[in-house]
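Asker: First residue of the sequence shown: 1, per UniProt numbering; consecutive thereafter. A virtual CB, placed ideally from N, CA and C, is assigned to each residue, including glycine.
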Amino acid sequence: MSDKKLSDQRSILRLVIIILILNTVSILGVFFVLNNRIDKQGETLVQVLTQLTSGGSTVKAQEIILPESEYETLGRFDAPVKMKLVTDIECPHCISLFNMMFPELQDAFIDSGLVELSYYAFPLESIHPKAMPAAKALYCADRQGAFWPLYGYLTENIKKLDMVQINDSPSNVDNDVFNHCMADEEVESAIRAGAAELREAGIKGTPAVIINGMQLNRFRNFDDIRAEIDSELQLRTSKITAAAAVNIIEEGGYKIIDARTAEEFAEGHVGEAINLDVLKYKASIAGIREFDAGMPYIVYCKSGTRSARAWHIMRQEGFGSVVDMHEGYEGWKAAGFVLAE
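#1: Compute the Euclidean distance between the alpha carbons of residue 214 and residue 341, then round it to the nearest angstrom.
#2: If you draw a straight line from the C-alpha of residue 89 to the C-alpha of residue 267, how long is it?
#3: Less than 6 Å between C-beta atoms, sequence neighbours within five positions excluded: which residues of the same chain meet that for residue 301?
#4: Does residue 193 pass the burial test, meaning 16 or more other C-beta atoms within 10 Å, or should it be called exposed?
#5: With the cut-off set at 9 Å, would you say residue 237 and residue 86 are in Cβ contact?
#6: Where do the ends of the alpha helix (DSSP H) carrying residue 305 lie?
#7: From the DSSP output, read off the bridge partner residues of residue 137.
#8: Mapping the DSSP letters down to three states, classify residue 155 as helix, strand or coil.
#9: What is the rounded straight-line gap between the Cα of residue 129 and the Cα of residue 169?
#10: Please classify residue 77 as buried or exposed, where buried requires at least 16 neighbouring CB atoms within 10 angstroms.
#11: Just verifying my parser: in three-state terms, what is the DSSP assignment at residue 165?
#12: With a floor of 3 residues, list each beta strand (DSSP E) that falls wholly inside the segment 194-233, ordered by position along the chain.
#13: Taking 6 Å as the limit between beta carbons, can you name the residues of its chain near residue 316, skipping five residues before and five after?
#14: So what does DSSP say about residue 182, is it helix, strand or coil?
#15: I'd like to check one pair, residue 210 with residue 84: are the Cβ atoms closer than 9 Å?
#16: Mind checking residue 271: buried by the 16 CB within 10 Å criterion, or exposed?
#17: Are the Cβ atoms of residue 131 and residue 182 separated by less than 9 Å?
#18: If we require 4 or more residues per run, which alpha helix (DSSP H) segments fall completely within the segment 51-120?
#19: Do you know how far the Cα of residue 101 is from the Cα of residue 108?
#20: Classify residue 342 as helix, strand or coil using the three-state DSSP reduction.
#21: Based on Cα-Cα distance, which residue from 334, 173 and 203 lies nearest to residue 246?
#22: Taking only the alpha-carbon atoms, compute the straight-line gap between residue 41 and residue 284 and give it to the nearest angstrom.
#23: Using only the alpha-carbon positions, how far apart do residue 330 and residue 220 sit?
#24: Looking at residue 238 and the ligand PLP, is the gap between the Cβ and the nearest heavy atom below 8 Å?
#25: Quick check: the Cα distance between residue 337 and residue 150, rounded to an integer number of angstroms?
#26: Quick one: measure Cβ to Cβ for residue 146 and residue 166, integer angstroms, because I've assumed they're closer than 8 Å.
Right, here's the structure in full:
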């Protein structure tokens, strides 16, 4: 092989290597730019993939302190669980979260006085062109006490609404006042200032769910969120063991509430217990209101989850003496209590 041919082959090889290196650098550069942009938009790949594919249980992330919401809250101000929702109306994961939470969140926890829900606007304007107009509409509707109906409507329909429809005043507000608010440039400034304050507090993306000051991580569905709410409720009851409950029952004077379903109750229960299915929320509250609030009560269920809900509802209804037998139905058996079959 001549020196010239060998030199040409080496030149070609060097050229191929240079091209491969440049391609690799280009690919890495594109990936870096895209990932950096996603991070700036607040929805990192890690956040999205973790929430959608994680097989583990819900994890509470670091404590996060948000300012009080400037919007109308949903639920009782003295609810034991404070839930904060940071959202962008056009964010696909926010829409999915809304669909998975409602109506159960409202029926099971908000209407029963267990959860107070607060809204925080966090529009990702660089990728969601409808986010700021929707946030403005909610801001202006809130000033007339019409926030939550519009929030539900926009979240459910944002994909098919155009800008004109988003900017239209809702039917339950004063049109002139609403339109004047929408035209006010200070509204956008106020929303952006609020979003900046959330970033400073540690919010990085949407949706963000904070329960009693702890931001949830890796939630996949409402089951995970429900479990965190119930965990907070269980932490805040006046508890009693089955063994201690047996002693005070034998002394007399306590009424016993079984918070399980009628089917569970029929399979076995404490003989003196009154069945009150706490999962039938409206009926259970109506039933509680028929009880004598001056009597002392013991509540129990299968595992301690529903009894905690019943405990909080009874306390909010004015029952001053209620204890939660948190060891569940099996706790009675372990304590040797004679049960009715």
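Answerer: Looking at the coordinates:
#1: 42 Å
#2: 46 Å
#3: 259, 260 and 307
#4: exposed
#5: no
#6: 305-316
#7: Bridge partners of residue 137: none, in fact.
#8: helix
#9: 19 Å
#10: exposed
#11: helix
#12: 208-211 and 214-217
#13: 113
#14: helix
#15: yes
#16: exposed
#17: no
#18: 92-101
#19: 10 Å
#20: In this structure the chain extends from 1 to 341, so residue 342 is not present and cannot be described.
#21: 334
#22: For residue 41, the predicted structure reports a pLDDT of 46, less than 50, and the residue's modelled location is therefore unreliable. A value from the coordinates is still provided. Taking the straight line from one Cα to the other gives about 44 Å.
#23: 30 Å
#24: This structure lacks the ligand PLP; in fact it carries no ligand of any kind.
#25: 53 Å
#26: No, residue 146 and residue 166 are not in contact; Cβ-Cβ is about 15 Å, not under 8 Å.
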